[in-house]
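Have a look at the structure below, then the notes.
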Amino acid sequence: MNIFRLAGDMTHLMSILVLLLKIYATKSCSGISLKTQELYALVFLTRYLDLFTDFISVYNTVMKLVFIGSSLAIVWCMRMHRTVKRSYDGQLDTFRHYFLVAACFLSALIVHEKFTFQEIFWAFSIYLEAVAILPQLVLLQRSGNVDNLTGQYVFFLGAYRALYILNWIYRYFTEQHFSRWIACISGLVQTALYADFFYYYFISWKNNSKLQLPA
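Each residue of the sequence shown is one higher than the last, beginning at 17 in our numbering.
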């Protein structure tokens with residue numbers, strides 16, 4: 017494992033911890049898109065179908081379990097927890113995310129590396145992760161003001177994908193048979209979706225002011 021992948025994994029884990037901190041400390045999910053969280057849960061469930069068939073390392077297995085478990089826990093809290101679900105911004109979180117699921121699954125059937133059950137769902141998870149943040153970004157844009165923990169959560173998610181691009185570049189030059197071009201292209205698309213958010217995030221950080229996104 018190279019330093020870029022490790023940093024990406026830790027940044028991804030940090031984003032989840034920040035989100036869990038927000039939910040459990042404040043008993044609120046205000047500003048968080050349930051639809052994005054459902055998409056991420058679907059991403060991890062379909063990507064890690066090899067969890068009980070292909071053992072790579074203890075680290076790899078633990079991280080898979082953490083991502084699956086935490087994503088399902090977040091969705092459960094936002095849907096079922098008596099206090100948390102009251103703060104959900106359902107009127108703002110109206111992105112039709114099922115269109116993303118359908119489009120990504122169709123793309124996986126057409127564009128994949130191998131026509132096998134596991135590879136089709138791996139490609140589907142990669143495509144879906146690239147656009148899963150869209151409901152969250154739309155919700156933040158509609159609400160305008162972004163609280164500190166929500167802003168940090170989205171920032172760490174974007175940073176994780178940027179670090180993974182460096183990981184893929186490193187692997188391309190150091191591994192003889194590295195060919196995950198689907199992940200590379202999807203990662204670039206996903207990182208590009210964060211560009212506008214990153215701009216306003218750094219502006220607010222530079223001016224030591226509250227993060228605000230234009231409606």
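We treat Cβ as the ideally placed atom computed from N, Cα and C, and that holds for glycine.
Helix, strand or coil at residue 164 according to DSSP, with G and I counted as helix:
Taking the first residue of the sequence shown as 1, we reach residue 164 at position 148. Helix at residue 164.
Three-state class that DSSP yields for residue 54 in the structure shown:
For the purposes of this step, residue 54 is taken as residue 38 along the sequence shown, with counting starting at 1. Residue state, collapsed to three classes: helix.
If contact is defined by three or more beta carbon pairs under 8 Å, each pair taking one atom from either stretch, is the stretch 44-55 in contact with the stretch 96-104?
yes
Going by DSSP, what residue range makes up the alpha helix (DSSP H) through residue 26?
Here residue 26 refers to the residue found at position 10 when the sequence shown is read from its first residue. From DSSP, the alpha helix (DSSP H) with residue 26 extends over 19-42.
Kindly indicate which three-state DSSP category residue 148 falls into: helix, strand or coil?
In the sequence shown, the residue the question calls residue 148 occupies position 132. Of the three classes helix, strand and coil, the one that applies to residue 148 here is coil, per DSSP.
Pull up the distance between the alpha-carbon of residue 189 and that of residue 129, whole angstroms please.
Position 173 of the sequence shown, counted from the first residue, corresponds to residue 189. Position 113 of the sequence shown, counted from the first residue, corresponds to residue 129. Roughly 20 Å between the two C-alpha positions.
Do residue 82 and residue 168 have their C-beta atoms closer together than 8 Å?
On the sequence shown, position 66 is the one that residue 82 refers to. On the sequence shown, position 152 is the one that residue 168 refers to. Going by C-beta atoms, residue 82 is not nearer than 8 Å to residue 168.
Using beta-carbon positions only, say whether residue 202 and residue 119 come within less than 8 Å of one another.
As a first step, residue 202 is located in the sequence shown; it is residue number 186 there, counting from the start. As a first step, residue 119 is located in the sequence shown; it is residue number 103 there, counting from the start. No. Outside cutoff.
Rounded straight-line distance, which links the Cα of residue 139 to that of residue 76
Walking along the sequence shown from the start, residue 76 turns up at place 60. Walking along the sequence shown from the start, residue 139 turns up at place 123. Going by the C-alpha atoms only, they are around 19 Å apart.
Just tell me which of 31, 52, 17, 126 has its CA closest to the CA of residue 175.
Position 159 of the sequence shown, counted from the first residue, corresponds to residue 175. Ranking the options by Cα distance to residue 175, first place goes to 31.
Which residue spans inside the stretch 46-126 form an unbroken alpha helix (DSSP H) run of at least 4?
50-63, 74-96, 113-126
Cut-off 8 Å between Cβ atoms - residues of its own chain near residue 71, not counting five sequence neighbours on either side:
Numbered from 1 along the sequence shown, position 55 holds the residue referred to as residue 71. Excluding sequence neighbours, residue 71 sits near 77.
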